[in-house]
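Be aware that the sequence shown starts at 14, since it is given in the numbering used here, and climbs by one per residue.
For reference, the structure is listed below as structure tokens.
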Amino acid sequence: MRLNLYAPQFQNDLRNAAQFIDNNTNLSAKLNNHNQIELKTDKGLTVKRLNGSDVIKKMNRNTISTYV
14 MRLNLYAPQF
24 QNDLRNAAQF
34 IDNNTNLSAK
44 LNNHNQIELK
54 TDKGLTVKRL
64 NGSDVIKKMN
74 RNTISTYV
């Protein structure tokens with residue numbers, strides 16, 4: 014199943030996931046233009062990029078806290 018990541022409900026889910034990660038970890042999380050969630054340290058070093066489609070698929074099965 015191919016997801017349209019630009020659909021409003023998926024964009025809201027990705028923003029909510031980034032906000033959850035940002036508030037509950039010691040990393041900064043932002044949604045970039047490629048529908049990836051970038052995790053950065055307090056010094057601005059990118060630690061990891063989470064693919065948006067993978068996050069959406071996991072959110073449909075579980076909660077994002079399980080994924081993180």
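Backbone N, C-alpha and C fix where the C-beta goes; we use that ideal spot for every residue, glycine too.
Owing to the predicted nature of the structure, the values given are computational and were not obtained by experimental measurement.
(message) Distance check for leucine 18 and asparagine 112, CA to CA, integer angstroms please.
(response) Outside the shown range of the chain (14 to 81) lies residue 112, about which nothing can therefore be said.
(request) Please name the residue in Ile34, Leu16, Leu27 whose C-alpha comes closest to that of threonine 54. (result) The option with the nearest alpha carbon to threonine 54 is Ile34.
(request) For alanine 42, count neighbouring Cβ atoms within 10 angstroms of its own Cβ and tell me buried if that reaches 16, exposed if not. (result) Per the 10 Å Cβ criterion, buried.
(request) For asparagine 46, decide whether its Cβ has a neighbour in chain C, counting only Cβ atoms nearer than 8 Å. (result) Here there is only one protein chain, and chain C is not present.
(message) For asparagine 48 and leucine 27, I'd like the C-alpha separation in whole angstroms.
(response) The straight-line gap from Cα to Cα measures roughly 8 Å.
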